[in-house]
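S.K.: Below is a structure I'd like to ask you about.
Numbering (my numbering), first residue to last: 1 to 331.
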């Protein structure tokens, strides 16, 4: 959409002429084109146009924010290999960082940047963005919620509880603060308080798969692995095969002493996504713990074909990866 600035050649030691500012009409056209591509679910095209826009208008916050949004949409494509997805999300975090450098007091932008950095596993950067969003707009309960979640993750439970309770008071009809407070109670060892809060959250969103998963995890950690399994096995197979659900089902089976059922759950999840080598390695490690080296090798070979590093494959075959009985699966 935007033509790249032509390279200028010179003679001898003559300084380069400064690049002309981008034409406002071309900038507007590129913004509209990117938004149209995003609305039409064409993230590749949106990424192409927004990348050129950001290069030609490096001082325009909107250009970098749009580029970050386009990259996130690209990362959400189901056919993107996990390794490529991580790289694309990292690029999105970089784009948001450039946007925030231009407009650091924009609360909504800083919050979005924090979410993207969290997704990219850049936790320290995420916290910085959440703090900035909260400082710029202290009355927004969503900013209190996300900063509270970050404080809980960083081992600062008192600050986390204060922020999450503030969000709960401001959003009494939202299940999110209640679910976060349930998780915080579980971290403190207050199983009864956790069960009470997650029940309140689920009453507000009874169809939520994620809240059902959180409820199951809390039941398992409180010693009710059978109750956790009953919650999760009632779900349709495609949902059960999703990584978080499959890992929790496996953890519940292991808590009940059934390592083969745990491995079978992870194997079923891996079979549903053969290009996701992380799923295959979880299954391989689980089969090792279940005492079935043949199935473990099959899963490890599948992970290798999908691009898993040799060191990761070796760790899985040694049983060194994946949650052990009583541990929480990865988020």
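C-beta: ideal position from N, C-alpha, C; glycine also.
Treat the numbers as computed from the prediction; the structure is a model and nothing was measured.
Curious, which full-length beta strand (DSSP E) runs of at least 3 residues does the stretch 163-192 contain?
M.R.: The stretch 163-192 contains no whole beta strand (DSSP E) run of 3 or more residues.
S.K.: Using DSSP with H/G/I as helix, E/B as strand and the rest coil, what is residue 42?
M.R.: Three-state DSSP puts residue 42 in coil, outside helix and strand.
S.K.: Going straight from the alpha carbon of residue 50 to that of residue 125, what length do you get?
M.R.: So the two alpha carbons sit approximately 23 Å from each other.
S.K.: Buried or exposed, going by whether 16 or more other CB atoms sit within 10 Å of the CB of residue 233?
M.R.: That one is exposed.
S.K.: Less than 8 Å separating the beta-carbons of residue 246 and residue 216?
M.R.: No. Outside cutoff.
S.K.: Assuming residue 310 contacts residue 300 (C-beta within less than 8 Å), just tell me the rounded distance between them.
M.R.: With 8 Å as the limit, residue 310 and residue 300 do not qualify as a contact, their Cβ atoms being about 10 Å apart.
S.K.: From residue 101 to residue 83, what distance separates their C-alpha atoms?
M.R.: Their Cα atoms are separated by approximately 28 Å.
S.K.: Do residue 96 and residue 59 count as a contact pair if the criterion is CB distance below 8 Å?
M.R.: No; because the gap between Cβ atoms is not below 8 Å, this pair is not in contact.
S.K.: Pair every Cβ in the stretch 196-205 with every Cβ in the stretch 162-178, then say whether three or more of these pairs are closer than 8 Å.
M.R.: Because the criterion of three Cβ pairs below 8 Å is met, the stretch 196-205 and the stretch 162-178 touch.
S.K.: Between the Cα of residue 225 and the Cα atoms of 254, 238, 158 and 55, which residue gives the shortest distance?
M.R.: Cα-wise, what sits closest to residue 225 is 254.
S.K.: Taking only the alpha-carbon atoms, compute the straight-line gap between residue 302 and residue 123 and give it to the nearest angstrom.
M.R.: Computed Cα separation, rounded: 31 Å.
S.K.: Among 141, 22 and 289, which has the Cα closest to the Cα of residue 258?
M.R.: Checked all of 141, 22 and 289; the closest Cα to residue 258 is 289.
S.K.: Should residue 318 be labelled buried (16 or more other beta-carbon atoms within 10 Å of its own) or exposed?
M.R.: Result: exposed.
S.K.: Provide the residue span of the alpha helix (DSSP H) that contains residue 206, from first to last.
M.R.: Here residue 206 belongs to no alpha helix (DSSP H), and DSSP marks it neither H nor E.
S.K.: Between which two residues does the alpha helix (DSSP H) carrying residue 242 extend?
M.R.: First-last for residue 242: undefined, no H or E at that position.
S.K.: Give the DSSP-derived three-state secondary structure of residue 61 in the structure shown.
M.R.: It is helical.
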